[in-house]
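Working notes for the structure below.
Number of protein chains: 2
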Amino acid sequence: MSKPFSIGVDLGGTNLRVAVVSREGEIVDRITVSSTGNVIDSLTAAIERLFSDKINGIGLAVAGLTDGKKILSSPNLPILKEIDLVSVLEGRFNTPVYLGNDASAATLGESVAGAGKDFNTFVMLTLGTGIGGGVVYNRKLLNIAGELGHIVVEPGGRLCGCGGRGCLEAYASARAMSMAAMEAIDLKRETMMTLDKNGRIMPEDIYKYAADGDPLATEIFKNAGFYLGLGIANYINIFGPDAIILTGGLIGAWDIYVKKAIKTAAAAAFKELFAKTAIIPSKLAGDAGIVGAAELTYC
Amino acid sequence: MSKPFSIGVDLGGTNLRVAVVSREGEIVDRITVSSTGNVIDSLTAAIERLFSDKINGIGLAVAGLTDGKKILSSPNLPILKEIDLVSVLEGRFNTPVYLGNDASAATLGESVAGAGKDFNTFVMLTLGTGIGGGVVYNRKLLNIAGELGHIVVEPGGRLCGCGGRGCLEAYASARAMSMAAMEAIDLKRETMMTLDKNGRIMPEDIYKYAADGDPLATEIFKNAGFYLGLGIANYINIFGPDAIILTGGLIGAWDIYVKKAIKTAAAAAFKELFAKTAIIPSKLAGDAGIVGAAELTYC
């Protein structure tokens with residue numbers, strides 16, 4: 232019989248976050264651990280403090296590719312590729328340990344206790360530096376590649392971090408917007424925007440300029456929103472979902488970026504399918520990954 | 232207990248095809264019925280001839296949208312929208328009747344007895360006048376919208392039959408190729424191709440010209456193949472499938488069209504995912520829909 236709590240670990244962010252999560256997806260205790268120093272020791276110590284005989288297992292959400300037991304690529308914590316973390320933790324705590332991609336875990340988290348709770352089938356898109364996501368079908372997380380930011384929306388277009396050209400991520404992500412702004416400033420296009428001391432500009436700054444009426448800043452958000460809308464339309468036509476759930480830092484720009492995306496998707500998707508799809512923000516936001524990681528122990 | 236045979240009906244083509252299919256997907260008897268005249272009477276008579284006490288049920292594959300019990304749109308047989316065919320046949324034969332979209336049924340057919348037999352997860356694309364398809368995940372057909380030909384591959388591009396712009400179908404289907412050839416001939420581009428007495432040109436003719444070395448005809452097939460390749464790359468990155476199965480009349484042009492698509496997909500998809508994806512033709516070809524329709528009675 233399964234026990235009433237699990238430990239969820241989100242290894243996807245700049246800090247490692249560890250929490251005790253109820254089966255219903257409620258976080259009842261949490262610890263944040265720095266990702267500098269000996270990560271494995273700090274992580275083990277944090278789990279130690281939260282562990283009890285009511286814990287059903289440990290779930291880990293990692294950025295990068297996994298095969299469910301091993302971490303195949305780990306862009307932000309390369310050490311995880313060297314160490315068999317699942318075996319280490321199973322040995323140390325004598326409990327089952329599960330592994331999932333952070334965007335998939337976040338999708339599962341929203342399904343159990345967030346904005347996806349009332350939907351059988353939904354697509355979640357995480358809109359941040361990159362674009363990822365996951366798909367819940369008939370209340371179960373699909374165990375698919377889920378590289379939802381890497382569909383081509385502009386053939387022969389901008390080179391993407393994945394090596395392809397014209398991906399959704401290369402046009403609608405935070406990184407894409409920063410690059411578009413830097414390029415435009417470099418080309419001396421008329422704008423109030425300026426680069427910071429590192430020669431960069433962050434999407435939150437572009438957004439402030441857009442809110443102040445800077446036409447170039449607004450154009451950058453709308454252009455990104457247009458491509459996001461094509462992506463949303465594609466996922467509507469493929470899955471015919473009950474909802475598209477959007478999460479990540481960029482949904483702060485809902486009024487420009489997401490609004491443009493919704494308008495674009497309405498024109499591009501099948502009308503009958505678009506009409507039955509709710510397009511809504513996530514509820515758990517940054518906690519979705521940790522809740523979903525814990526939930527992996529019940530799947 | 233389920234019985235060893237089912238009747239599969241494919242209402243998607245120009246003729247109605249009715250067959251007795253074993254649980255393993257083998258066609259043991261078949262009748263082809265003209266779709267002119269009283270379709271319902273001819274269909275009922277054909278089923279009558281094939282029906283026995285070993286029949287588990289009747290499965291119908293239709294072109295257009297269904298909700299599993301009702302036909303919501305039926306482009307080639309409008310009468311099916313007027314008549315509740317499921318109830319008519321259930322009443323007449325006192326056996327359960329199931330309904331599915333023809334591309335979904337074909338996908339199920341390939342999974343049970345065709346090229347998808349050895350794969351857990353695959354995407355099938357039907358490449359004909361239009362483009363459709365289906366997805367098998369962990370050996371089960373996903374009951375999704377599955378409008379796989381209606382993802383945007385050229386933003387702001389050609390108007391598609393669905394009302395959107397730049398869909399895969401508007402660039403990589405047989406209809407798209409005919410239109411591209413007609414347009415080019417109209418613009419007096421250099422080519423040996425000529426229009427037929429109805430002012431049209433069929434893909435099989437364009438293909439013959441391409442095989443004879445006509446550069447424009449070859450370009451049309453390669454251009455369509457390029458867009459097909461983007462679509463294939465998208466489905467590889469989304470699903471990470473074991474296989475992409477291609478079916479429909481256009482796979483006759485494998486050496487130009489599909490070859491170009493594979494080359495394009497190799498460059499656009501994640502390398503690790505592309506490497507594990509078999510890209511292969513269907514085995515059942517035109518019989519996939521009838522086999523899948525029969526199989527609906529066991530799902």
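Protein chains in written order, with the numbering used here: chain A, 232 to 530; chain B, 232 to 530.
Glycine included, every Cβ here is placed at the ideal spot set by N, Cα and C.
Please read all numbers here as calculations on a predicted model, not as lab measurements.
| Asked | Found |
| --- | --- |
| Taking N429 of chain A as the reference, give the member of A:S409, A:K490, A:D443 and A:A441 with the closest Cα. | A:S409 |
| What residue range does the beta strand (DSSP E) around Y228 of chain B cover? | The structure shown does not extend to residue 228 of chain B, since chain B is modelled only from 232 to 530, so the question has no answer here. |
| Looking at G288 of chain A and P553 of chain A, is the spacing between their C-beta atoms short of 8 Å? | Missing from the structure shown is residue 553 of chain A; chain A here goes from 232 to 530 and no further. |
| Applying the criterion that 16 or more other CB atoms from any shown protein chain within 10 Å of the CB defines a buried residue, is I561 of chain B buried or exposed? | Missing from the structure shown is residue 561 of chain B; chain B here goes from 232 to 530 and no further. |
| So that I know if they touch, is there some Cβ in chain A lying closer than 8 Å to that of P309 of chain B? | no |
| Work out the CA separation of A496 of chain A and K502 of chain A for me, nearest whole Å. | 10 Å |
| Out of A:F452, A:L504 and A:T508, state which residue places its alpha-carbon closest to the alpha-carbon of L481 of chain A. | A:F452 |
| Excluding the 5 residues flanking I416 of chain A on each side, which residues of the same chain have their C-beta closer than 8 Å to its C-beta? | T422, M424, T425, L426 and I432 |
| Give the interface partners of Y368 of chain B over in chain A, defined as CB-CB distance under 9 Å, in chain order. | Y368, L373, N374 and I375 |
| Does I375 of chain A pass the burial test, meaning 16 or more other C-beta atoms within 10 Å, or should it be called exposed? | buried |
| Three or more beta-carbon pairs under 8 Å between the region 513-526 of chain A and the region 248-255 of chain A, yes or no? | yes |
| Can you check which of these residues, B:F236, B:L311 and B:L459, is closest to V489 of chain B by C-alpha distance? | B:L459 |
| To be precise: take each residue of the region 462-477 of chain B, compare its Cβ to all Cβ atoms of chain A, and keep it if any distance is under 9 Å. Which residues remain? | G462, A464, N465, Y466, I467, N468, I469, F470, G471 and P472 |
| Which of the three DSSP states, helix, strand or coil, is assigned to G480 of chain A? | helix |
| From G462 of chain A to G359 of chain A, what distance separates their C-alpha atoms? | 15 Å |
| Verify the CB distance criterion: does P512 of chain A have a CB-CB separation below 8 Å to chain B? | no |
| Report whether the distance from the Cβ of K348 of chain B to the nearest heavy atom of the ligand ADP is below 7 Å. | Ligands in the displayed structure: none, and consequently the ligand ADP is not present. |
| Quick one: grab the DSSP three-state call for D417 of chain B. | helix |
| Taking DSSP as the reference, what is the three-state secondary structure of S253 of chain A? | strand |
| Taking R261 of chain B as the reference, which of B:T297, B:A276 and B:P327 has the closest Cα? | B:A276 |
| Kindly say whether C530 of chain A, judged by its beta-carbon, lies nearer than 8 Å to any beta-carbon of chain B. | no |
| Just curious, the beta strand (DSSP E) that R261 of chain B is in, first and last residue? | I258 to S265 |
| Counting C-beta neighbours from all protein chains within 10 Å, is the total for T267 of chain B 16 or more, i.e. buried, or is it exposed? | exposed |
| Check the C-beta distance from L330 of chain A over to I469 of chain B and give it rounded, since I have them as a contact under 8 Å. | Wrong, their Cβ atoms sit about 21 Å apart, outside the cutoff. |
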